[in-house]
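Asker: Encoded as structure tokens, here's the structure I'll be asking about.
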Amino acid sequence: MLDVSELVQPGKGLIHPSIYTDPEIYQAELEQVFARSWLFLAHDSQLPKPGSFVQAYMAEDPVLVVRQRDGSVKAFLNQCRHRGMRICRSDEGVARAFTCTYHGWAYNLAGELVNVPMQERAYHNEIDKSQWGPRRVPRVHNHKGFYFGTWDEEAPSFEEYLGDMVWRLDAMADRYDEGISLIPGATKWVIDCNWKFAAEQFASDMYHVPSSHTSALVALVEDPQVLARLHELNLTVPGRQFSGNGHGSGFALRPDIIPSQSGPEFDAWLDAHREEIYRRGGEQRALAANGHNTVFPNFSWLDINNTMRVWHPRGPGQIEVWAWTFVPRGAPDEVRNEIRTSTIRSFSPAGVFETDDGENWTEIQQVLRGHMARKSLFNAQMGLGHEKQGTDGMPGRVADDMYTEMAARGMYQRWADLMSGLSWQQIAELDRNRQQEVHTA
Amino acid sequence: MLDVSELVQPGKGLIHPSIYTDPEIYQAELEQVFARSWLFLAHDSQLPKPGSFVQAYMAEDPVLVVRQRDGSVKAFLNQCRHRGMRICRSDEGVARAFTCTYHGWAYNLAGELVNVPMQERAYHNEIDKSQWGPRRVPRVHNHKGFYFGTWDEEAPSFEEYLGDMVWRLDAMADRYDEGISLIPGATKWVIDCNWKFAAEQFASDMYHVPSSHTSALVALVEDPQVLARLHELNLTVPGRQFSGNGHGSGFALRPDIIPSQSGPEFDAWLDAHREEIYRRGGEQRALAANGHNTVFPNFSWLDINNTMRVWHPRGPGQIEVWAWTFVPRGAPDEVRNEIRTSTIRSFSPAGVFETDDGENWTEIQQVLRGHMARKSLFNAQMGLGHEKQGTDGMPGRVADDMYTEMAARGMYQRWADLMSGLSWQQIAELDRNRQQEVHTA
Amino acid sequence: MLDVSELVQPGKGLIHPSIYTDPEIYQAELEQVFARSWLFLAHDSQLPKPGSFVQAYMAEDPVLVVRQRDGSVKAFLNQCRHRGMRICRSDEGVARAFTCTYHGWAYNLAGELVNVPMQERAYHNEIDKSQWGPRRVPRVHNHKGFYFGTWDEEAPSFEEYLGDMVWRLDAMADRYDEGISLIPGATKWVIDCNWKFAAEQFASDMYHVPSSHTSALVALVEDPQVLARLHELNLTVPGRQFSGNGHGSGFALRPDIIPSQSGPEFDAWLDAHREEIYRRGGEQRALAANGHNTVFPNFSWLDINNTMRVWHPRGPGQIEVWAWTFVPRGAPDEVRNEIRTSTIRSFSPAGVFETDDGENWTEIQQVLRGHMARKSLFNAQMGLGHEKQGTDGMPGRVADDMYTEMAARGMYQRWADLMSGLSWQQIAELDRNRQQEVHTA
Amino acid sequence: MTTPTPDTPTPDTRRPVDPTVRHEIEQFLYREAELLDDQRFQDWLELFSDDVHYWLPTRVTRTVRERSLEVAGPDGAAFFDDDKTFLRGRVRRLSSGQSWSEEPPSRTRRLITNVRPVELADGTFEVRANFHVLRSRAERHHDTFFGERTDLLRRIPREPGFQVARRKIVLDTTTLLAPSISIFL
Amino acid sequence: MTTPTPDTPTPDTRRPVDPTVRHEIEQFLYREAELLDDQRFQDWLELFSDDVHYWLPTRVTRTVRERSLEVAGPDGAAFFDDDKTFLRGRVRRLSSGQSWSEEPPSRTRRLITNVRPVELADGTFEVRANFHVLRSRAERHHDTFFGERTDLLRRIPREPGFQVARRKIVLDTTTLLAPSISIFL
Amino acid sequence: MTTPTPDTPTPDTRRPVDPTVRHEIEQFLYREAELLDDQRFQDWLELFSDDVHYWLPTRVTRTVRERSLEVAGPDGAAFFDDDKTFLRGRVRRLSSGQSWSEEPPSRTRRLITNVRPVELADGTFEVRANFHVLRSRAERHHDTFFGERTDLLRRIPREPGFQVARRKIVLDTTTLLAPSISIFL
Ligand code: FES
Ligand code: FES
Ligand code: FES
Ligand SMILES: [Fe+3]
Ligand SMILES: [Fe+3]
Ligand SMILES: [Fe+3]
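Chains as they are written, first to last, in the numbering used here: chain A, 382 to 822; chain B, 382 to 822; chain C, 382 to 822; chain D, 136 to 320; chain E, 136 to 320; chain F, 136 to 320.
Here you go:
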């Protein structure tokens with residue numbers, strides 16, 4: 382087990398940059414972090430009918446996520462156990478079965494090996510097909526239409542894993558009576574940076590907005606005065622940040638759920654559904670649904686920008702971003718379309734916000750080629766010592782401002798606990814003790 | 382020495398995929414497998430006259446293979462001993478001597494350092510030129526026009542190394558009174574996969590043909606009925622598989638040596654030379670000359686498709702394929718040309734068979750980026766426990782079917798023995814014992 | 382500490398090629414060689430006014446070199462200490478301050494953290510800005526307009542580090558009363574080879590010129606007879622080579638400082654300034670200013686070709702060359718321009734000399750992919766046992782010929798001493814003893 | 136239909152153009168590319184009609200049989216889905232001096248090839264062209280974008296003679312091998 | 136001769152073409168590329184004469200002195216050496232839904248540039264053109280093929296006005312840096 | 136001005152060219168590229184006037200504000216800054232059989248696109264064109280050069296009808312991602 386205690390010191394708000402570059406640490410992350418955590422697989426709306434499938438990734442492992450005939454969803458490694466061929470090479474589609482192109486072993490929708498060519502002649506009927514199906518994802522959980530999976534039999538239940546973060550997740554996932562659906566098609570792109578830069582920013586970093594995204598507002602707003610006001614607002618609006626179980630979220634305290642940032646159509650629709658939204662999650666939560674969120678380790682979303690994504694690691698220095706736009710399932714076309722276009726224009730590889738995030742992360746990674754650069758500790762001390770418990774009665778560890786790095790420290794704490802090979806029980810234990818050190822607001 | 386006993390278990394038909402991805406294992410392969418085995422260098426017909434040379438590779442090491450004035454063939458590392466410059470940068474040609482471009486050290490056709498510029502002024506005549514020639518390939522063996530070389534002084538003789546596989550090699554190399562010659566020009570391409578996937582398939586895998594190459598038959602045959610018959614034939618024709626010393630071969634039992642798959646011209650020519658062919662290798666062997674073959678570790682050919690190739694390793698995840706088309710030396714132009722085109726169209730980077738093999742191998746390698754994927758054992762159990770000795774009186778370990786993975790297991794056994802650092806003597810010992818466990822057909 | 386004693390044996394003139402390929406050795410070089418040595422940063426003429434800055438590299442570490450308001454020059458790592466963003470992404474320019482784009486931390490010209498957005502709200506005024514500026518280059522030395530820096534507080538003074546090599550450096554840097562200036566703009570390119578091939582050649586290798594650069598003369602000279610004479614001259618002209626502290630230089634003994642190789646304009650100008658040049662450095666030194674030079678580890682120049690460059694390492698198998706053309710500061714435009722064009726045409730990525738050097742180095746590196754190739758010792762024995770002290774009264778270890786590899790052996794000696802983790806004191810000690818073994822000419 | 140192009144009028148209403156019109160259209164497209172490579176975004180904007188639809192849908196890998204579903208439809212995910220107003224906003228941003236992904240600016244080169252114009256019944260032109268856009272930025276960062284553009288061009292009575300009324304861009308990649316598309320295609 | 140082109144008639148029998156013919160020939164080559172990029176293989180096949188020779192010889196690195204031997208001759212190794220019958224077979228295969236190296240299909244883009252047609256004495260046209268074919272397949276696989284094509288074109292009395300009677304493709308690489316050429320060039 | 140092009144006459148003295156002239160100029164540039172790709176350097180040399188200036192300045196990354204300083208000026212660092220005499224020297228070298236960086240020779244392919252000619256007041260032509268030069272050498276070495284060329288062409292009374300009197304090449308890279316430019320661009 383790698384000793385990472387020197388590398389991240391959440392208590393002091395210090396990060397050693399080698400955690401973003403060391404190939405050994407990366408391989409350990411695949412084993413200790415990604416193979417043990419709950420990872421996002423797919424959303425209900427991606428699998429409309431029996432046989433519907435999408436290829437997803439759990440870190441670097443390709444998995445097929447398939448709608449079963451009984452309506453349930455199963456997932457298995459997209460790797461044939463004979464010689465390891467990728468069983469299905471389409472990103473998505475509808476299938477009756479999956480046949481490996483190399484030698485023709487065939488699998489049913491559940492990933493069971495159902496046919497082996499020349500089973501009698503070649504295998505003398507001695508192959509036990511039940512033993513040679515692709516590796517199943519042993520645990521798949523459906524949280525309100527969001528499917529998460531984990532390889533780890535020991536991992537806590539998804540609810541326990543999520544903890545108080547459920548308050549934030551449901552603010553998005555459970556906002557409407559009819560639920561949400563995804564705009565068809567994932568947007569995928571590659572950024573040469575470590576996955577933790579992205580995951581951490583979406584967990585903990587409202588602070589970069591005024592500096593990184595000034596020009597995005599210029600694109601959205603023509604009138605200089607409005608622009609100035611918006612900028613001013615960014616610096617003065619009160620906000621909160623949540624941290625727990627490695628997850629993190631930050632958001633402003635807004636007076637109303639509109640304007641939505643998507644446009645008049647959605648605003649009108651929200652106005653009409655205000656009562657429904659308040660009823661489901663409570664008004665406080667509804668108003669808080671305007672921030673950044675990361676479910677540890679690599680599933681993130683922005684409530685008000687209607688974008689959710691997975692940061693798939695691709696080596697220590699690269700990620701693949703898979704992003705989707707979510708809309709109220711019940712919404713009429715003009716609303717769906719208004720949300721769709723506004724998200725594309727703000728958060729996508731060509732989005733006026735997103736392009737500038739990528740620039741920061743790639744440059745950070747580039748600089749870390751340097752020997753001295755890799756020895757310079759990073760400062761994650763914002764709000765250190767000012768953590769709070771349950772501010773405004775919100776569940777869990779909630780700081781009384783959104784401009785803090787509490788959630789970043791929480792994320793690296795969870796990362797360090799897992800990397801140290803601690804059992805889930807030990808981690809829970811430690812977290813309980815850590816909670817107690819924090820006073821209630 | 383790496384312990385690979387856990388990684389490949391030939392006795393159980395299990396393979397741990399890390400042998401296809403681990404950089405350390407790859408470096409060990411260069412040392413333990415490739416630097417100790419007999420590797421194909423060149424064929425007589427590539428070196429028509431004194432001074433004729435080709436650059437070949439022994440794994441990742443470039444060597445110059447040169448026809449000497451006395452008609453013999455010598456080979457030496459294409460690396461100047463002064464500062465390591467590549468001595469000759471042409472793929473092939475005719476030379477009187479080789480002069481290093483960097484500082485002008487000059488070598489004769491045998492790779493002896495014959496001239497050092499300013500030897501007196503710069504070296505005070507103190508340089509012992511006999512000590513500073515490029516590293517020679519100490520052992521080069523000419524087997525019926527095929528030149529093989531090894532760096533290992535301890536390795537057994539080529540004949541001993543080949544063992545019973547000579548029966549298969551000569552079915553190709555020694556088929557005609559006038560011998561064979563290569564079509565001018567090697568076809569070289571790059572596939573992002575581990576070298577063992579290719580070597581193993583050509584040693585042991587007839588099983589992939591019906592599934593991987595269905596569309597190839599569609600290209601060759603227009604009539605659907607004929608197509609169906611051919612497909613049926615693939616599944617029913619009896620065949621045999623050979624395994625020994627890590628080498629492997631599989632072939633069908635065909636009623637005649639024609640049709641040749643090249644076309645009418647070659648069929649007619651074969652018909653006319655039937656007696657000659659039977660006389661040289663015996664009828665049984667002549668009829669068996671229709672399969673896939675690998676001489677351990679990376680020299681393969683297909684008898685009936687007239688293609689032979691070396692799978693040069695280029696890191697754990699890449700190979701360079703160097704392929705040649707062989708034809709009867711005596712054959713008239715129209716026969717040569719018919720064979721040439723039929724081989725190009727079936728087995729070459731644009732060949733209707735070959736393109737689909739590459740697709741399989743690259744996808745297997747891609748999937749192995751995954752952490753769980755690299756932990757899933759592969760199944761090489763086809764025909765396990767059904768190995769036979771000398772079926773139909775054929776020499777060595779010969780299974781009574783071509784649909785088996787006996788040769789794959791044999792190849793990984795040899796690989797494991799070498800990787801474990803066993804001496805050639807220890808390996809021979811072990812092999813003898815292993816032989817005895819197999820009953821004679 | 383890596384044991385490199387087996388890898389380089391300067392006393393025997395033997396080099397093990399793994400020092401050019403091993404990734405571990407490379408990382409150790411960044412720490413033991415580059416982070417401890419004096420490295421070239423910039424020249425005065427690149428920083429004309431207060432706020433002028435250039436981005437430079439110390440090995441793989443980007444640093445900002447900035448002209449301060451008081452005229453001094455400071456340098457600091459171009460990495461924000463908050464989350465590691467590159468502070469400035471321009472190659473050069475004029476700045477009043479530097480603001481990190483990610484979260485807006487701002488730095489003054491000296492690299493001090495002067496502004497942190499929302500310092501009160503986000504940091505509760507608890508951040509000690511004096512502690513969180515980017516890493517400073519602790520020692521920057523101005524040698525006659527050439528700025529060198531080192532990260533190592535223990536390193537000897539620049540003068541001590543330079544030792545007798547100052548005699549050669551000043552032959553270029555201190556040649557004219559008005560000094561020199563650089564032609565605006567660096568020429569940067571990438572060569573896939575280890576940095577030591579380039580550094581060593583410029584330290585020690587006059588021997589490659591006749592072989593590598595024959596065709597360059599063909600480009601410069603049309604008349605075959607003149608060509609033949611020049612070639613003859615190369616082989617016969619007497620020369621000297623210097624070696625000390627890992628630095629190296631070689632040069633011919635020429636009868637006069639003209640012709641300059643740049644052309645008539647410069648020749649005339651030199652003729653007019655002969656007295657000045659002789660007065661400053663002495664006639665012997667002025668005449669010797671026609672050779673190749675490397676200040677250990679990676680700063681090189683060619684006196685007569687008016688090119689100087691840094692060989693930035695970029696992994697074991699790649700360098701980035703940053704080259705500049707130097708001219709007498711006082712020279713009129715037509716002289717500057719004549720030098721500029723003649724340097725571009727001979728030493729630049731399209732220069733008729735330089736292109737052939739790159740070809741050699743890349744091929745050497747390519748061949749070293751081979752396992753046997755990486756085991757073949759290189760021969761650096763030219764002039765071994767013929768080292769001299771102070772030939773012609775020149776300072777330090779000076780061989781009585783330019784065709785020797787004494788300086789190469791000296792460079793690898795210094796490299797080995799540093800790689801072995803010896804203290805600067807121990808190294809000085811050892812060098813003194815080594816000196817004594819060499820007899821005075 | 137099996138090709139990644141927008142629905143188009145039936146063949147008989149599509150007429151080939153003569154060399155002169157082809158020349159004018161090519162020079163127009165070259166000029167457009169030049170304005171982008173020269174970063175003259177304001178001038179570039181004027182080449183587009185006020186009702187322009189500037190669209191770059193996403194793409195997935197599917198079987199030959201399902202190839203018609205390869206390129207996302209109008210209601211699907213996209214990289215660009217802009218009207219003139221938002222194009223203006225993008226240009227404002229690029230001129231702000233704070234659009235970090237383009238400040239310092241990228242260096243781009245647009246190779247516009249295989250220009251295939253046809254004249255439609257209403258006198259407009261549908262122009263399919265292949266593109267390979269090379270982008271270099273910062274010290275050594277390199278991206279490449281390639282695919283096909285289908286433009287709808289309208290004649291206008293003033294320089295430069297045409298206006299882009301509709302642009303559909305289809306990249307030949309699914310996963311974008313770049314950190315961003317902070318440029319125009 | 137020192138250039139990788141087939142033996143051709145003596146200069147005086149080679150006449151430059153006027154802008155209109157050049158326009159027609161370019162549009163023909165662009166149309167051919169479009170059919171391939173759109174995977175309309177059957178339509179593509181019809182652009183070739185029944186006696187077509189479709190050839191892509193191999194290439195080696197040799198000294199300037201031996202440069203004439205750089206590209207393999209008609210009796211040497213090749214990547215393609217097809218007649219119309221086998222081209223038909225390839226197209227059948229690509230339409231079979233089982234040609235795994237193209238199922239799911241690759242995404243390709245053909246940049247055809249530097250089109251240099253000359254009219255020969257017999258009224259046929261020899262057209263040299265440069266190509267850069269970009270190929271993307273599966274998730275992130277990328278290949279690039281570049282070189283020169285020398286086509287022999289014949290006028291035909293029907294659409295699209297020409298037929299390819301001979302195609303010689305020369306790649307500018309020796310070792311092919313791709314796992315396969317499962318597409319046409 | 137903010138674009139990497141040489142100072143040029145005021146617009147009113149710059150006239151667009153007709154399809155025929157454009158055709159002639161393109162064929163001239165294609166022929167030039169062909170001679171280089173075929174390594175016929177002597178013939179290539181004849182396409183340049185005796186007073187030609189062949190120039191490839193260096194380039195740096197700077198802010199949008201300082202973009203006019205991006206490309207080095209006439210007194211700055213350059214990759215090429217040749218007159219006819221030195222071009223002759225380079226050609227002599229390439230024919231010497233000892234120019235190791237081109238012996239064995241590289242394999243090159245020049246894609247010349249977006250050719251934009253204008254006629255100047257004095258009857259000469261200023262031609263901006265985009266280029267993508269692909270270079271393959273030795274076994275697997277690959278380089279790519281891309282950017283813009285601005286040529287000044289003069290009519291001449293003999294074949295091939297034009298002469299290059301000035302060439303300014305601007306690469307879209309700062310740090311050259313190649314070991315050398317041992318070829319012409
Ligand atoms: S690899 Fe899947 S059947 Fe063989
Ligand atoms: S490297 Fe070959 S002579 Fe120096
Ligand atoms: S990284 Fe520089 S301010 Fe945050
Ligand atoms: Fe952001
Ligand atoms: Fe096969
Ligand atoms: Fe040199």
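Glycine included, every Cβ here is placed at the ideal spot set by N, Cα and C.
Name all residues in chain order for which at least one heavy atom of ligand 3 lies closer than 5 Å to the residue's CB.
Answerer: Taken from the N-terminal end onward, the list reads Cys461(C), His463(C), Arg464(C), Met466(C), Cys481(C), Tyr483(C), His484(C) and Trp486(C).
Asker: For a test of the three-state rule: what should DSSP assign to Trp796(B), helix, strand or coil?
Answerer: Numbered from 1 along the second sequence, position 415 holds the residue referred to as residue 796(B). Trp796(B) falls in the helix class under three-state DSSP.
Asker: Consider the Cβ of Asp773(C): report whether some Cβ of chain B lies at a distance smaller than 8 Å.
Answerer: Residue mapping note: residue 773(C) aligns to position 392 of the third sequence, counting from 1. Not closer than 8 Å to any Cβ of chain B, the Cβ of Asp773(C) fails to qualify, so no.
Asker: Thr137(E): buried (16+ other C-beta within 10 angstroms of its C-beta) or exposed?
Answerer: Translated into positions along the fifth sequence, residue 137(E) becomes position 2. Confidence at Thr137(E) is low in this model, with a pLDDT of 36, below 50, so the placement of that residue is unreliable and no value is reported for it.
Asker: Just the C-alpha distance for Pro141(E) and Asp604(B), rounded to the nearest angstrom, thanks.
Answerer: As a position in the fifth sequence, residue 141(E) is number 6, starting the count at 1. As a position in the second sequence, residue 604(B) is number 223, starting the count at 1. Residue placement at Pro141(E) is flagged as unreliable, the pLDDT there being 46, under the threshold of 50; a coordinate-derived value is accordingly withheld.
Asker: What residues from chain C crowd round Asp781(A), counting only those whose CB sits closer than 9 Å?
Answerer: Residue mapping note: residue 781(A) aligns to position 400 of the first sequence, counting from 1. Correct list: empty, because the minimum Cβ distance to chain C is about 11 Å.
Asker: When you compare only the Cα positions, how much space is there between Val495(A) and Val446(A)?
Answerer: As a working note, residue 495(A) is residue 114 in the first sequence. As a working note, residue 446(A) is residue 65 in the first sequence. C-alpha separation (whole angstroms): 18 Å.
Asker: So, for Val250(F): in the same chain, excluding its five sequence neighbours on each side, which residues have a beta-carbon less than 6 Å away from its beta-carbon?
Answerer: Locating residue 250(F) in the sixth sequence gives position 115, where the first residue counts as 1. Here the set comprises Glu161 and Ala264.
Asker: Using alpha carbons as the reference points, say which of Ile725(C), Arg467(C) and Met787(C) lies closest to Arg621(C).
Answerer: Numbered from 1 along the third sequence, position 240 holds the residue referred to as residue 621(C). Nearest C-alpha to Arg621(C): Met787(C).
Asker: Three or more beta-carbon pairs under 8 Å between the region 288 to 295 of chain F and the region 263 to 282 of chain D, yes or no?
Answerer: They do not touch, by the three-pair rule.
Asker: Can you tell me whether DSSP reads Asn760(A) as helix, strand or coil?
Answerer: Start at 1 with the first residue of the first sequence, and residue 760(A) comes out as number 379. Looking at Asn760(A) - three-state DSSP - the assignment turns out to be strand.
Asker: Please tell me whether Ala496(C) has its Cβ less than 8 Å away from any Cβ of chain A.
Answerer: The residue given as residue 496(C) occupies position 115 in the third sequence. It should be noted that the sequence gives Asn, not Ala, for residue 496(C). Taking Cβ atoms only, chain A never reaches closer than 8 Å to Asn496(C), which makes this a no.
Asker: Hey, how far is the Cα of Leu840(A) from the Cα of Gly514(A)?
Answerer: As displayed, chain A neither begins before 382 nor continues past 822, which places residue 840(A) out of reach and without an answer.
Asker: Less than 8 Å between the CB atoms is what I'm expecting for Met553(C) and Ala670(C), so what's the real figure, rounded?
Answerer: As a first step, residue 553(C) is located in the third sequence; it is residue number 172 there, counting from the start. As a first step, residue 670(C) is located in the third sequence; it is residue number 289 there, counting from the start. 6 Å between Cβ atoms; contact.
Asker: Please check if any C-beta of chain A sits within less than 8 Å of the C-beta of Asp217(D).
Answerer: Within the fourth sequence, the letter at position 82 stands for residue 217(D). Yes - at least one Cβ of chain A is within 8 Å of the one on Asp217(D).
Asker: In terms of alpha-carbon separation, which member of Gln770(C), Val599(C) and Asp781(C) lies closest to Arg223(F)?
Answerer: Numbered from its first residue, the sixth sequence carries residue 223(F) at position 88. Answer by Cα proximity: Val599(C).
Asker: For ligand 8, is there any heavy atom lying closer than 7 Å to the beta carbon of Phe734(B)?
Answerer: As for ligand 8, it is missing from this structure, which binds only ligand 1, ligand 2, ligand 3, ligand 4, ligand 5 and ligand 6.
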